[in-house]
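For the record, in the sequence shown the residue sitting at position 277 is 276 according to numbering that gives the first Met the number 0, with numbers rising by one throughout.
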Amino acid sequence: MFTGQIYESLPGARLVIVDFDDLVEHPYSVNMLRGILSDSDVPFVSSEEFLAEPEAWLNEARRLGGDTTELPTKRTVAFVSYSGGVGKTVLAMDTAVHFARRAKLPVALLEFTYGESAVGALVGAQIPALFELATQPDVDPVVWNGVTLVPMDYDNSRDLSIQLLGKYLKDVMREHVLTVIDAHWPHALIGAVRDEIDRWYVVATPRPDAVENAEKLAAELGPKAAIVLNQKGGMVDSLALSGVERAVELPTVREADRWNGELGKRILLHTYGQGTWGQYEPKKMFADLRKRFSRSKD
Numbered sequence: 000m001f002t003g004q005i006y007e008s009l010p011g012a013r014l015v016i017v018d019f020d021d022l023v024e025h026p027y028s029v030n031m032l033r034g035i036l037s038d039s040d041v042p043f044v045s046s047e048e049f050l051a052e053p054e055a056w057l058n059e060a061r062r063l064g065g066d067t068t069e070l071p072t073k074r075t076v077a078f079v080s081y082s083g084g085v086g087k088t089v090l091a092m093d094t095a096v097h098f099a100r101r102a103k104l105p106v107a108l109l110e111f112t113y114g115e116s117a118v119g120a121l122v123g124a125q126i127p128a129l130f131e132l133a134t135q136p137d138v139d140p141v142v143w144n145g146v147t148l149v150p151m152d153y154d155n156s157r158d159l160s161i162q163l164l165g166k167y168l169k170d171v172m173r174e175h176v177l178t179v180i181d182a183h184w185p186h187a188l189i190g191a192v193r194d195e196i197d198r199w200y201v202v203a204t205p206r207p208d209a210v211e212n213a214e215k216l217a218a219e220l221g222p223k224a225a226i227v228l229n230q231k232g233g234m235v236d237s238l239a240l241s242g243v244e245r246a247v248e249l250p251t252v253r254e255a256d257r258w259n260g261e262l263g264k265r266i267l268l269h270t271y272g273q274g275t276w277g278q279y280e281p282k283k284m285f286a287d288l289r290k291r292f293s294r295s296k297d
């Protein structure tokens with residue numbers, strides 16, 4: 000049995016009988032699954048433990064009501080852009096933090112950049128970066144606001160093979176339900192995880208050059224790509240953007256780097272759909288979001 004099958008069976012479950020040693024780690028690690036079960040209200044036992052006292056465990060299961068909230072499925076989303084100054088890193092970080100806050104499930108943020116780490120600068124602390132993490136097994140990533148951070152130090156990381164980087168990063172991804180990638184595009188090292196990406200969010204602002212670049216990049220990336228229009232203003236921007244296909248529109252948010260989820264919740268709604276992510280947002284907030292999305296399609 001796969002770890003993913005156990006994870007998907009959790010909504011509504013009252014008892015989980017699982018032999019961890021017999022599980023196949025796909026797409027999650029056994030360690031991640033064990034952690035989620037430990038944090039949940041659902042009791043879990045091995046088959047040997049269950050068979051030793053079946054009636055006691057069944058009585059415990061009958062006592063519980065079972066949580067029917069649908070769990071988010073495993074996803075990897077990447078924020079990319081040909082243009083600078085479009086708010087890509089803030090979007091990636093706000094999405095990751097909001098997922099951790101609302102879903103309370105494991106989420107990781109990976110960075111692919113050149114020069115200094117933007118993630119490290121926004122966090123405001125010296126934290127272990129990719130080279131150190133990939134080459135020193137005793138060093139663990141920093142967890143910030145519930146998000147596992149893997150920032151890039153390109154000058155060092157470029158000396159490592161794509162195979163080594165891929166192995167480390169895929170191991171990290173197996174430990175998390177959602178992986179968010181903040182990527183300079185193009186980037187020499189992103190091939191380490193490119194095949195794992197489910198959705199490319201191509202970020203633009205209403206600037207004509209940013210919109211044109213986003214349309215080009217989305218076309219190059221293919222059907223998994225969707226344009227995110229960030230920092231959209233009022234009627235003037237709406238008229239200028241007529242005919243531009245975009246999946247998500249985001250307003251200008253003051254102090255977006257306070258990570259209040261104003262941007263991230265809209266990205267997660269698009270990623271998981273209203274049926275799943277709507278369960279994690281307050282009902283009034285979700286109704287307001289639905290109205291805004293309806294207007295953006297008109």
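For every residue, glycine included, the Cβ atom is placed at its ideal position computed from N, Cα and C.
Neighbour-count burial assignment, Leu262, 16 or more Cβ in a 10 Å radius: buried
Ranges of the beta strand (DSSP E) found wholly within the stretch 188-245, counting only runs of at least 3: 198-203 and 224-231
Close-in-space but distant-in-sequence residues of the same chain around Ala224 (CB under 6 Å, 5 per side omitted): Trp199, Val201 and Ala217
Under the three-state DSSP convention, the category Thr112 falls into: coil
Beta-carbon gap between Ser82 and Asp208 smaller than 9 Å: yes
Three-state secondary structure assigned by DSSP to Thr147: Of the three classes helix, strand and coil, the one that applies to Thr147 here is strand, per DSSP.
Cβ neighbour criterion (16 or more within 10 Å) applied to Glu110: buried
Beta-carbon proximity list for Gly145, same chain, < 8 Å, skipping 5 on both sides: Val96, Ala99, Arg100, Lys103 and Val106
Supposed contact pair Ala124 and Met151 - C-beta distance, whole angstroms, cut 8 Å: Not confirmed; about 16 Å, so no contact.
Residue closest to Gly114, alpha-carbon to alpha-carbon, out of Asp137, Phe49 and Ala187: Checked all of Asp137, Phe49 and Ala187; the closest Cα to Gly114 is Ala187.
Closest Cα partner of Glu254 within the set Gly221, Gly119 and Leu90: If we check each option's Cα against that of Glu254, Leu90 comes out closest.
Span separating the alpha-carbon of Arg173 from that of Tyr27: 4 Å
Val227 versus Thr94, Ala191, Ser37 and Glu52, residue with shortest Cα-Cα distance: Thr94
Run of the alpha helix (DSSP H) containing Arg33, from where it starts to where it stops: Where Arg33 is concerned, the enclosing alpha helix (DSSP H) stretches over Val29 to Asp38.
For Arg157, the three-state DSSP class (helix, strand or coil): Assignment of Arg157 by DSSP, reduced to helix, strand and coil, places it in the coil class.
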